[in-house]
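Remarks on the structure that follows.
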Amino acid sequence: MNILVVGLSHKTAPVEIREKVAFSPTAMADPLHKMLALESVSEALIVSTCNRVELYATSRDPERAVAQLRHFLADFHELDFDKIDEHLYDLRGEDAIRHVLRVSASLDSMIIGEPQILGQIKTAYGYASEFKTAGLILNRFMHKAFSVAKRVRTETAIASNAVSVSFAAVELARKIFDKLENKTVMLIGAGEMCELAARHFINNGIAEVLVTNRTFSRAEKLAAEFNGRAVAFDNFQDQLHQADIVLSSTGAPGYVLEAKKLTEVIKLRRNKPMFIIDIAVPRDIEPKVNKIDNVYLYDVDDLQGVVQANLKERKKEADKAETIIEEEILQFYRWLSTLEVKPTIVSLRQKLEDLRQSEVQKTLSNLSADDKTAKSIDALTRAIINKILHQPTSILKNAQNSEDGNIYIDAVRTLFDLPAPVAENPDPTDNPGSKN
Amino acid sequence: MSAHIILFKIVLICYLVATILYLIQVVGRKENLGKIARWSLLGGALVQLVGFVVEFIRVGHTPVTNLHESLSFFAWCLVALFLFFDLRYRLSVMGAFSSGLAVITMLGSGIAPNAVEPLNPALNSWWFPLHVTFAFLGNAAFALAFGAGIMYLLQDRMLKSKRFSTLYYRLPSLDTLDNINYRALSFGFPLMTLGIISGAAWAESVWGTYWSWDPKETWALMTWFVYAALLHGRMSIGWRGRRAAIFAIIGFACLLFTFLGANLFLNGMHTFDALIGKP
Numbered sequence: 001m002n003i004l005v006v007g008l009s010h011k012t013a014p015v016e017i018r019e020k021v022a023f024s025p026t027a028m029a030d031p032l033h034k035m036l037a038l039e040s041v042s043e044a045l046i047v048s049t050c051n052r053v054e055l056y057a058t059s060r061d062p063e064r065a066v067a068q069l070r071h072f073l074a075d076f077h078e079l080d081f082d083k084i085d086e087h088l089y090d091l092r093g094e095d096a097i098r099h100v101l102r103v104s105a106s107l108d109s110m111i112i113g114e115p116q117i118l119g120q121i122k123t124a125y126g127y128a129s130e131f132k133t134a135g136l137i138l139n140r141f142m143h144k145a146f147s148v149a150k151r152v153r154t155e156t157a158i159a160s161n162a163v164s165v166s167f168a169a170v171e172l173a174r175k176i177f178d179k180l181e182n183k184t185v186m187l188i189g190a191g192e193m194c195e196l197a198a199r200h201f202i203n204n205g206i207a208e209v210l211v212t213n214r215t216f217s218r219a220e221k222l223a224a225e226f227n228g229r230a231v232a233f234d235n236f237q238d239q240l241h242q243a244d245i246v247l248s249s250t251g252a253p254g255y256v257l258e259a260k261k262l263t264e265v266i267k268l269r270r271n272k273p274m275f276i277i278d279i280a281v282p283r284d285i286e287p288k289v290n291k292i293d294n295v296y297l298y299d300v301d302d303l304q305g306v307v308q309a310n311l312k313e314r315k316k317e318a319d320k321a322e323t324i325i326e327e328e329i330l331q332f333y334r335w336l337s338t339l340e341v342k343p344t345i346v347s348l349r350q351k352l353e354d355l356r357q358s359e360v361q362k363t364l365s366n367l368s369a370d371d372k373t374a375k376s377i378d379a380l381t382r383a384i385i386n387k388i389l390h391q392p393t394s395i396l397k398n399a400q401n402s403e404d405g406n407i408y409i410d411a412v413r414t415l416f417d418l419p420a421p422v423a424e425n426p427d428p429t430d431n432p433g434s435k436n
Numbered sequence: 437m438s439a440h441i442i443l444f445k446i447v448l449i450c451y452l453v454a455t456i457l458y459l460i461q462v463v464g465r466k467e468n469l470g471k472i473a474r475w476s477l478l479g480g481a482l483v484q485l486v487g488f489v490v491e492f493i494r495v496g497h498t499p500v501t502n503l504h505e506s507l508s509f510f511a512w513c514l515v516a517l518f519l520f521f522d523l524r525y526r527l528s529v530m531g532a533f534s535s536g537l538a539v540i541t542m543l544g545s546g547i548a549p550n551a552v553e554p555l556n557p558a559l560n561s562w563w564f565p566l567h568v569t570f571a572f573l574g575n576a577a578f579a580l581a582f583g584a585g586i587m588y589l590l591q592d593r594m595l596k597s598k599r600f601s602t603l604y605y606r607l608p609s610l611d612t613l614d615n616i617n618y619r620a621l622s623f624g625f626p627l628m629t630l631g632i633i634s635g636a637a638w639a640e641s642v643w644g645t646y647w648s649w650d651p652k653e654t655w656a657l658m659t660w661f662v663y664a665a666l667l668h669g670r671m672s673i674g675w676r677g678r679r680a681a682i683f684a685i686i687g688f689a690c691l692l693f694t695f696l697g698a699n700l701f702l703n704g705m706h707t708f709d710a711l712i713g714k715p
């Protein structure tokens with residue numbers, strides 16, 4: 001049994017294509033049933049997010065299934081097949097397993113480590129089990145994917161550093177103040193960026209908000225929104241010492257705050273650190289301020305730099321995650337091949353037994369032997385078959401514990417011309433969920 | 437192998453295991469390792485304590501009369517104090533620093549010859565264990581302040597320059613490091629003061645004079661002034677952060693010289709020879 005992935009993602013298709021093949025989350029029953037109705041497909045699951053549309057399936061006949069699934073995507077959405085074909089990828093076996101594990105662990109996401117994807121895949125699996133299109137293998141496989149994603153999240157720091165500018169500011173503040181619970185933030189100017197960053201700080205427990213703006217009414221309005229206090233722009237510098245964190249984004253052409261003033265402020269604060277974020281362009285705060293002890297000044301570029309550093313850190317963590325995934329693939333593969341080993345051994349035995357019986361029959365009918373001789377011949381041939389099968393059987397049984405176990409299974413199937421289980425009893429009724 | 441050497445090796449291994457585990461936790465973020473490291477440190481410290489008691493009974497005086505014993509005792513104080521701080525802070529970087537320093541000290545102790553000679557009987561009084569315990573625990577606290585100080589400077593440097601290495605993600609916040617610095621200082625300073633006072637009392641009971649300006653006493657006093665200045669600065673002028681970190685580092689350098697330099701390079705009644713009554 002093969003696990004297959006057919007689909008497209010932000011890496012292979014632009015949004016104009018992605019939006020056309022996306023499935024509506026409110027109507028998943030129809031596409032899932034239609035996908036399962038494809039004769040080569042044994043189990044079906046559909047992941048559809050704004051960044052990817054992927055079909056997960058299991059099949060006895062991967063070649064055919066891949067071709068059918070590719071067409072299914074086009075046909076279902078009534079699209080020209082050639083238009084989407086070039087954007088589609090298909091993966092099978094180990095590659096498919098690796099892909100799904102990587103996607104769930106958010107290694108394949110546009111922003112590595114973003115947390116939504118796992119939830120989206122869980123939802124997708126929810127539909128597949130609700131409509132009974134996921135069977136034994138996909139059930140097991142998806143639970144594997146969830147547990148691997150969890151392992152990656154806890155054992156690596158893949159999602160631990162902010163990758164947005166305003167959240168990066170919050171994290172920097174934590175690296176300076178540790179806790180934000182008893183801290184005060186002052187907004188100078190009331191720009192949109194400033195507001196957004198302030199919201200992040202408030203969501204992370206800031207105690208007090210001061211707002212100052214050239215237009216006092218605007219300051220009052222924003223202060224009311226944040227449950228804070230408005231400060232007149234003319235004397236905000238006198239209250240600056242109360243602020244642990246300063247967010248500045250005025251439209252002023254020159255500096256609103258100079259190093260000389262801040263040296264006084266920091267003295268007034270008895271050297272308690274200040275974190276100043278200057279989001280304005282042109283800048284509001286004299287860059288020299290950063291040289292003052294216990295003052296940390298970040299402008300927009302600096303924050304961008306932090307985000308870049310965080311992304312780099314995430315990539316490093318992603319390498320660790322890849323190792324975890326390789327381990328898990330191996331484990332899952334073992335389980336998957338145990339599914340194949342038993343039927344292979346059974347059909348191998350069956351085949352030889354059939355041969356033996358027909359040959360014994362032939363010989364005995366020519367020989368007209370007595371009962372005792374007939375029994376001996378029967379026992380002799382049985383013993384030979386058992387002796388011959390002993391070694392291959394034990395190799396096959398061991399094969400399920402090794403990585404290349406499938407090679408032996410395939411070899412035995414080919415050498416003895418054993419039928420693939422699905423081919424011997426095709427099931428044209430396509431009764432959802434009952435194919436395993 | 438004598439029981440002493442076996443115990444010594446067990447302790448060294450415990451501390452080494454803790455160091456390695458803490459380092460792996462810092463680099464690899466394996467949460468459970470810190471717990472094992474903590475137990476390993478605690479186990480090592482208990483074994484070492486048993487060793488001290490056994491040695492105390494065997495030789496009949498506080499077993500801190502040569503470099504081997506002193507370094508080993510310092511390692512114990514460091515670990516014990518770290519475990520105490522760890523109750524509150526739970527910082528694996530500090531764990532890596534403390535247990536690493538303990539391992540280095542233990543290795544130094546292992547290299548130093550351990551010739552136990554009888555203590556100059558005149559010096560054997562209860563002031564002796566009091567003096568060394570206060571002094572060494574104080575030193576251990578200052579070592580923690582030193583570690584936190586170095587980490588503070590590194591973290592401060594990265595936050596100011598906006599160039600972040602992997603270390604940035606592993607080190608705790610400036611506030612936490614500054615806090616450790618302050619707590620270690622406010623713990624170490626009274627201990628050091630008690631150490632000096634008990635030493636003076638001991639000297640008075642033996643030689644009839646509280647203070648005789650031998651090199652170690654002079655250096656200890658200088659170190660005491662550095663830490664006194666830092667404590668004063670912190671409490672009344674609002675020194676903190678970088679300046680406090682630098683002071684903690686300078687103080688520790690003085691301390692190191694007081695502890696090692698005065699014993700090894702300078703003469704006086706604090707040398708180990710003087711302790712065992714050699715001229």
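Just so you know, the sequences run in chain order A and B. Under this note's numbering, the first residue of the first sequence is numbered 1, with each subsequent residue one higher. Under this note's numbering, the first residue of the second sequence is numbered 437, with each subsequent residue one higher. From the three backbone atoms N, C-alpha and C, an ideal C-beta is built for every residue, glycine too.
State the CB to CB distance for the pair residue i and residue j, rounded to an integer number of angstroms; the pair is presumed to be in contact (CB under 8 Å).
i                 : j                 : result
ALA57 of chain A  : ALA44 of chain A  : 5 Å
ASP302 of chain A : ARG679 of chain B : Incorrect: roughly 24 Å between the Cβ atoms, too far for contact.
THR629 of chain B : VAL568 of chain B : Rounded, the Cβ-Cβ distance is 15 Å, inconsistent with contact.
ALA243 of chain A : MET186 of chain A : 4 Å
VAL148 of chain A : ILE324 of chain A : 7 Å
VAL246 of chain A : ILE202 of chain A : Their Cβ separation, rounded to whole angstroms, is 15 Å, which puts VAL246 of chain A and ILE202 of chain A out of contact at 8 Å.
PHE661 of chain B : PHE572 of chain B : So it is not a contact: roughly 20 Å between Cβ atoms.
GLY191 of chain A : SER249 of chain A : 4 Å
GLY674 of chain B : ARG98 of chain A  : That pair is no contact at about 57 Å.
Express the C-alpha separation of residue j and residue i in angstroms, rounding to a whole number.
i                 : j                 : result
ALA551 of chain B : LEU543 of chain B : 17 Å
LEU478 of chain B : TYR458 of chain B : 14 Å
VAL295 of chain A : ALA173 of chain A : 12 Å
ILE409 of chain A : ILE345 of chain A : 9 Å
THR373 of chain A : ARG60 of chain A  : 45 Å
ILE460 of chain B : LYS320 of chain A : 14 Å
PHE518 of chain B : ALA511 of chain B : 10 Å
PHE492 of chain B : GLN484 of chain B : 12 Å
LYS20 of chain A  : GLY93 of chain A  : 28 Å
PHE708 of chain B : PRO626 of chain B : 25 Å
LEU559 of chain B : VAL642 of chain B : 6 Å
PRO115 of chain A : LYS34 of chain A  : 30 Å
LYS150 of chain A : ALA105 of chain A : 8 Å
VAL170 of chain A : PHE623 of chain B : 33 Å
Hey, does residue i have any beta-carbon neighbour from chain B nearer than 7 Å?
i                 : result
ASN271 of chain A : yes
GLY305 of chain A : yes
ASP244 of chain A : no
GLU313 of chain A : yes
ALA309 of chain A : yes
Whose Cβ in chain B lies nearer than 8 Å to the Cβ of residue i?
i                 : result
PHE293 of chain A : Correcting the residue identity first, residue 293 of chain A is Asp in this sequence and not Phe. By Cβ distance, chain B contributes GLY677, ARG678, ARG679.
List the residues of chain B that residue i touches, going by C-beta distances under 7 Å, in chain order.
i                 : result
ASP302 of chain A : LYS598
ARG174 of chain A : SER609
ASN290 of chain A : LYS596
Using a Cβ-Cβ distance cut-off of 7 Å, determine whether residue i contacts chain A.
i                 : result
THR501 of chain B : no
TYR605 of chain B : yes
Going along chain A, which residues have a C-beta under 7 Å from residue i?
i                 : result
GLY674 of chain B : ARG270, ASN271
Run down chain A in chain order and give the residues with a C-beta less than 8 Å from the C-beta of residue i.
i                 : result
THR612 of chain B : ASP178
LEU527 of chain B : Residues of chain A passing the Cβ test: none, with the nearest at roughly 11 Å.
LEU595 of chain B : LEU172, LYS175, ILE176, TYR296
Taking C-beta pairs closer than 9 Å, name the residues in chain B that residue i reaches, listed in chain order.
i                 : result
ASN161 of chain A : TYR605
**Study point:** the segment 680-696 of chain B touching the segment 578-585 of chain B, judged by at least three CB pairs closer than 8 Å
**Key:** Yes: at least three Cβ pairs fall under 8 Å.
**Study point:** Touching by the beta-carbon criterion (3+ pairs, under 8 Å), the segment 157-170 of chain A and the segment 196-203 of chain A
**Key:** Yes: at least three Cβ pairs fall under 8 Å.
Practice item. May I ask you to verify whether the segment 283-292 of chain A touches the segment 243-261 of chain A, counting CB pairs closer than 8 Å and requiring at least 3? Key: Contact between the segment 283-292 of chain A and the segment 243-261 of chain A is present: three or more C-beta pairs spanning the two stretches fall below 8 Å.
Point to revise | Given 8 Å, three or more beta-carbon pairs between the segment 129-143 of chain A and the segment 176-195 of chain A | key: By the C-beta criterion, the segment 129-143 of chain A is judged not to be in contact with the segment 176-195 of chain A, since fewer than 3 inter-stretch pairs fall below 8 Å.
Review point. Does the segment 111-126 of chain A come close enough to the segment 47-54 of chain A that 3 or more CB-CB pairs lie under 8 Å?
Key: Yes, they touch.
Exercise for review: Determine contact between the segment 346-357 of chain A and the segment 367-387 of chain A, defined as no fewer than three beta-carbon pairs at a distance below 8 Å.
Suggested key: Taking 8 Å as the limit for Cβ pairs, the verdict is that the segment 367-387 of chain A does touch the segment 346-357 of chain A.
Check your understanding: Is it true that the segment 6-18 of chain A meets the segment 83-91 of chain A, where meeting means three or more beta-carbon pairs spaced less than 8 Å apart?
Key -> The answer is yes - the segment 83-91 of chain A touches the segment 6-18 of chain A, with three or more Cβ pairs under 8 Å.
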